[in-house]
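Here the structure comes first, spelled out in structure tokens, and everything after it is commentary.
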Amino acid sequence: ELPFHKLCYSSTVTTWKIKECINKNGNGSTAQKERLYQMTPLHVLAMNPHATSDAFAALFEANIPSALATDSRGKTPLDYAMEFNIPGFTRMYVRLYELGQIDKLHRLVQNDEYGRTPLHIATMNPHASVDVISALLHTSID
Numbered sequence: 002e003l004p005f006h007k008l009c010y011s012s013t014v015t016t017w018k019i020k021e022c023i024n025k026n027g028n029g030s031t032a033q034k035e036r037l038y039q040m041t042p043l044h045v046l047a048m049n050p051h052a053t054s055d056a057f058a059a060l061f062e063a064n065i066p067s068a069l070a071t072d073s074r075g076k077t078p079l080d081y082a083m084e085f086n087i088p089g090f091t092r093m094y095v096r097l098y099e100l101g102q103i104d105k106l107h108r109l110v111q112n113d114e115y116g117r118t119p120l121h122i123a124t125m126n127p128h129a130s131v132d133v134i135s136a137l138l139h140t141s142i143d
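All the letters of the sequence shown, read from the start, carry residue numbers 2 to 143 under this note's numbering.
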């Protein structure tokens with residue numbers, strides 16, 4: 002088991018622990034894919050409902066292209082975060098928007114298998130804050 006992946010699975014993952022792991026293992030460790038499902042640490046963190054948006058930002062900023070990496074199922078960290086961690090999803094989504102990755106966002110995050118957009122999913126999530134909804138509205142991709 003890769004140490005970064007193990008950390009990202011943890012319910013006690015923090016921004017500080019992520020930065021410490023990056024310092025110890027290098028930025029290259031943020032792009033490592035585990036063998037079975039070909040997931041990066043960001044994929045794993047995206048499925049962790051305990052991860053804060055600051056933890057996402059720390060890992061995402063260390064390796065921005067990893068947000069667009071696909072696993073063995075063809076899913077990106079954005080796909081998983083949209084389902085499991087709306088604050089983390091929004092943090093990555095807005096940052097990619099700020100970086101001018103609008104075309105990639107249109108291709109990657111249009112609708113899920115039920116036709117729901119990120120805004121639909123966020124409004125149905127009781128944990129999505131007003132800031133999350135506002136950020137999604139501001140990007141006007143939805």
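Positions of the beta carbon are idealized from the N, C-alpha and C atoms, including for glycine.
Assigned secondary structure, residue 75 (DSSP; H/G/I helix, E/B strand, else coil): coil
For the alpha helix (DSSP H) that contains residue 30, what are its first and last residues? Where residue 30 is concerned, there is no enclosing alpha helix (DSSP H), given that its DSSP letter is neither H nor E.
Of the residues 137, 9, 52, 3, which one's Cα is nearest the Cα of residue 37? 3
Determine whether the Cβ of residue 69 lies closer than 8 Å to any Cβ atom of chain B. Absence of chain B from the displayed structure is noted, only one protein chain being present.
Helix, strand or coil: which one does DSSP assign to residue 42? helix
Please list, in chain order, all residues of the same chain as residue 134 whose beta carbon is under 6 Å from its beta carbon, the five residues on each side excluded. 123
Where the alpha helix (DSSP H) through residue 37 begins and ends: Note, residue 37: premise wrong, no alpha helix (DSSP H); not H, not E.
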